[in-house]
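A short write-up of the structure that comes next.
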Amino acid sequence: MTKTAFIAIVGIPNVGKSSILNRMLGAKVAIVSDKPQTTRTKIVGVLTKGETQLVFTDTPGFHRPRTKLGEKMVQAVGDSISGVDACVLVVEPQGELRDGEKELVEKFRREKLPVILVINKIDELEKKSDLALRITELSPLYDFEAVVPVSAKTGDGMDALEKELMSLAFESVHYFPDDTLTDQPERVLAAEMIREKILRRLNKEIPHGTAVAIEKMHDRGDGIMDIEATIYCEKDSHKGIIIGKGGATLKQISTYARQEMERFFDCRVNLRCWVKVKEDWRNREGLIHNFGLD
């Protein structure tokens, strides 16, 4: 008898949703950085163990949108909650509950969804008693199926989370082949690897004003893959910063992205990147669609 559960991973920006997905799958299918709103679209990750298949949706951080792209990201969260069997709500181990988190709890109530509360980043706590206080504080917010403290960084608590998630599966066919990790096409994965390096290399608002399009992806057949990518930004001044003096910054971004692609695709990669300006693209529906972000 095979079992399946579709599970959305939700929370406000920068709580570690993508890190939890990657740790759960044992492979990197979602990019991560210390910048909020790193994830822009719904990313599906698949974990199959024995007869049970868990299909995860990693969603953008729930936030107050300031651009049309932001509106698309928030809509993606709402759509995900409406179309799954259960949710994982990820929160941090300290601090006040944010308005976005309260809104998500209200959405759970309306949908009457089973929800597991995951308290991430427990490795950052200095005192274990703080964790007990956090659990006591958050448990009454909703009739959670379970409250699971984890550290996506160290892996602590992830086995317990997997066990709780497996218990939510019900008798069903598997919707993906058992060896599937993600539904993301190779072009999307390659573009996201480049965007992650931009997020990690650059500061402030510049990374959030960038998008990456893979113009060419060709396997030569001799163990080498040719990839050509265009990095789009919103201002000429941003273009100069991304390229850097003598092209040094772009070269560094490209090098780190190429190294990760070679590990993931298990082949040598010839990566070439260009930078172009598309002013205010985050508020232009056509460009958002062209970049696959709607």
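When you line the sequence shown up against my numbering, it's residues 677 to 970, in that order.
No residue lacks a Cβ here, since even glycine has one placed at the ideal position from N, Cα and C.
What you are looking at is a predicted structure, and each value in this text was computed from that prediction instead of being measured.
In the structure shown, the three-state DSSP call for Leu723 is strand. Looking only at Trp950, Asp734, Ala905, the smallest Cα-Cα distance to Ile890 is reached by Ala905. Where Ala867 is concerned, there is no enclosing beta strand (DSSP E), although the alpha helix (DSSP H) around it starts and stops at 862-877.
The beta carbons of Val794 and Phe682 sit about 17 Å from each other, so the pair does not count as a contact at 8 Å. Taken atom to atom, the span from the alpha-carbon of Val766 to that of Asp902 is near 38 Å. Taking every protein chain shown into account, the CB of Asn796 has 16 or more other CB atoms within 10 angstroms, so this residue is buried. Sequence-distant partners of Thr830 (beyond 5 residues in either direction) whose C-beta falls short of 6 Å from its own C-beta, in its chain, are Asp799. With a threshold of 16 other beta carbon atoms within 10 Å, Gly885 meets it and is buried.
Fewer than three beta-carbon pairs drawn from the segment 861-877 and the segment 829-846 are found closer than 8 Å, and the two stretches are therefore not classed as touching. Around the C-beta of Lys803, fewer than 16 other C-beta atoms lie within 10 Å, and the residue is accordingly described as exposed.
For the alpha helix (DSSP H) assignment, the uninterrupted runs of no fewer than 4 residues enclosed by the segment 775-842 are, from N- to C-terminal side, 775-787, 804-814, 834-842.
Per the C-alpha coordinates, the member of Ser848, Asp855, Pro769 positioned closest to Asn690 is Pro769. Judged by DSSP in its simplified three-state form, Met677 adopts coil rather than helix or strand. If only complete runs of 4 or more residues are kept, the segment 923-967 shows the alpha helix (DSSP H) at 924-941, 961-966, in order along the chain.
Met677 counts as exposed, since fewer than 16 other C-beta atoms from the protein chains shown sit within 10 angstroms of its C-beta. The beta carbon of Arg877 sits closer than 6 Å to the beta carbons of Ile929 from its chain, once the five residues preceding and following it are set aside; these are given in chain order. Taken through DSSP and simplified to helix, strand or coil, His894 comes out as strand.
In this structure His850 touches Gln729 by the C-beta definition: roughly 4 Å separates them, less than 8 Å.
Cβ neighbours of Pro790 within its own chain (closer than 8 Å, five residues either side excluded): Asp761, Ala762, Cys763, Glu821, Leu844.
Minimum Cα-Cα distance from Glu727 among the listed residues Leu814, Lys952, Val823, Phe852 corresponds to Phe852.
The DSSP-derived three-state label of Leu857 is coil.
Linking Gly776 to Ile688 through their CA atoms gives a straight-line distance of about 6 Å. A distance of 8 Å or more separates the beta carbons of Val705 and Gln935. With a cutoff of 8 Å on beta-carbon distance, Thr724 and Asp854 are scored as near each other. In terms of CA proximity to Gly771, Leu801 leads the group Leu801, Glu779, Phe784. Cβ contact annotation for Asp912 (same chain, cutoff 7 Å, sequence separation greater than five): Val953, in chain order. Cβ neighbours of Cys943 within its own chain (closer than 7 Å, five residues either side excluded): Gly899, Ile900, Met901.
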